[in-house]
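Just so you know, we're using UniProt numbering here: the sequence shown kicks off at 1 and counts up by one. Virtual Cβ for every residue (Gly too), placed ideally from N, Cα, C.
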Amino acid sequence: MSAHFHWFLPTYGDSRNLMAGGHGSLMSGDRRADLRYLKQLAGAAEINGFEAVLTPTGLWCEDAWLTTAALIDATETLKFLVAFRPGLTSPTLAAQMAASFQWHSQGRLYVNVVTGGEASEQRAFGDFLTKEARYERGDEFLTVVRRLWESDEPVNFSGSHVRVEDAVLGRRPDPLPQVFFGGSSPAAGTVAARHADTYLTWGEKPDAVAEKISWIAGLAEREQRSLDYGIRLHVIARETSEQAWAEAGRLLSGLDPQTVAAAQANLARSESEGQRRMLDLHGSGAAFDNAADPHSLEIYPNLWAGVGLVRGGAGTALVGSYAEVAERIAEYHRLGLDHFVLSGYPHLEEAYHFGEGVRPHLARLGLIDQEPGGDVVHGAFLPPLRAASS
């Protein structure tokens with residue numbers, strides 16, 4: 001089975017260096033994420049064969065719905081994996097927004113449902129529920145959204161957190177948006193099993209990822225459902241392994257101990273189980289040394305935990321030659337992962353490194369489709385030239 005590759009839109013800004021923050025904390029890059037730059041990024045993702053781009057959600061970035069809607073006309077086939085939080089809007093309005101997006105984009109919407117891992121950030125949005133209650137609300141929210149998407153009948157629902165009466169859509173989304181959902185807590189697993197199409201995990205070691213897949217698959221089986229699985233990773237790929245690790249070393253050398261300490265202290269307060277697991281991968285930065293060999297943060301062959309020293313959320317990167325990165329992706333794919341949501345610093349240049357360097361190796365490994373006899377050019381698969389008929 002072919003794998004699906006997605007890229008990331010850093011709507012808070014971009015940089016040649018690691019940026020501190022995210023996952024509830026403000027962050028910004030020295031490249032402004034204005035519409036002109038985001039159009040460049042979306043175009044680069046499309047040119048290099050990525051299926052969709054993920055946008056973040058939170059106080060620290062631009063609104064995902066508005067930003068991606070502004071990019072529809074700047075692209076042709078690229079899909080948009082829009083992150084949003086249930087509870088900050090009504091389920092009927094969210095279902096309607098998705099239907100409108102599908103109509104105007106001609107079916108290019110995926111959604112990433114994020115319950116919210118930081119109580120302080122949720123309170124800033126006017127949401128004062130506990131973590132467990134947020135998952136309960138997410139379950140009810142997605143129940144209503146699914147019914148609205150899948151049926152013409154009016155929806156009536158009364159739960160502990162969500163209540164609607166005679167809710168209907170003037171237009172149902174076609175096709176139905178694929179729902180991505182992540183989370184490492186028991187409550188997250190329950191909601192994913194009931195409502196997700198694709199369960200998304202951050203980049204942990206293969207054995208930990210395999211355990212997560214098994215866990216969610218078991219929960220989904222009880223719900224008489226089956227899911228796809230995906231992983232969120234950064235990537236530093238170069239022609240040679242030495243070049244890739246030199247780039248990881250450059251990123252590491254650009255950090256200072258004070259920035260790392262402040263980021264780790266902030267992330268340690270997170271309510272997110274997934275964030276705790278990310279912090280455990282590098283020991284919460286206790287032994288940070290920006291002059292250290294970057295391999296000291298290699299927690300598995302080609303899997304580097306350096307990003308998580310300062311960035312919340314996804315904190316690991318695949319580092320290696322184009323061939324090595326492709327082989328590691330193939331290893332994760334064999335575990336049952338079909339979706340790879342990737343990013344790099346800076347996102348524009350790294351999209352081309354992946355498209356031009358890694359994708360040809362993925363094609364040879366059978367992980368992406370290729371026209372018979374075709375060539376890989378800038379990540380796009382082109383048929384061979386044919387002589388004009390006489």
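For residue 339, the beta-bridge partners assigned by DSSP are 4 and 230.
Residue 22 and residue 157 have their C-alpha atoms roughly 35 Å apart. Taking a contact to require three or more Cβ pairs closer than 8 Å, the stretch 140-158 and the stretch 86-93 qualify as touching. For residue 132 against residue 187, the beta-carbon gap comes to about 6 Å, under 8 Å, which counts as contact.
A residue is called buried once 16 or more other Cβ atoms fall within 10 Å of its Cβ, and residue 246, having fewer, is exposed.
Per the coordinates, the alpha-carbon of residue 109 lies some 42 Å from the alpha-carbon of residue 289.
Within its own chain, the residues whose Cβ lies closer than 6 Å to the Cβ of residue 236, once the five positions on either side in sequence are excluded, are 244, 247, 248, 317 and 319, listed in chain order. When only Cα atoms are considered, residue 7 and residue 53 end up about 5 Å apart.
Shown here, residue 203 sits in coil according to DSSP, grouped into three states, outside any helix or strand. With distances taken between CA atoms, residue 169 lies nearest to 97 out of 97, 350 and 294. Across the set 130, 9 and 16, the C-alpha of 9 shows the shortest separation from the C-alpha of residue 57. Counting only runs that start and end inside the stretch 140-210, the beta strand (DSSP E) elements of at least 3 residues fall at 155-158, 163-167, 178-182 and 198-202. If you draw a straight line from the Cα of residue 24 to the Cα of residue 118, it comes to about 6 Å.
Rounded to whole angstroms, the separation of the alpha carbons of residue 256 and residue 224 is 50 Å.
Contact check between the stretch 344-351 and the stretch 265-276: fewer than three CB pairs, one atom from each, fall below 8 Å, which does not count as touching. Burial is judged here by how many other beta carbons sit within 10 angstroms of a residue's own beta carbon; residue 326 has at least 16 and is buried. As computed with DSSP, residue 237 is found in a beta bridge with 320.
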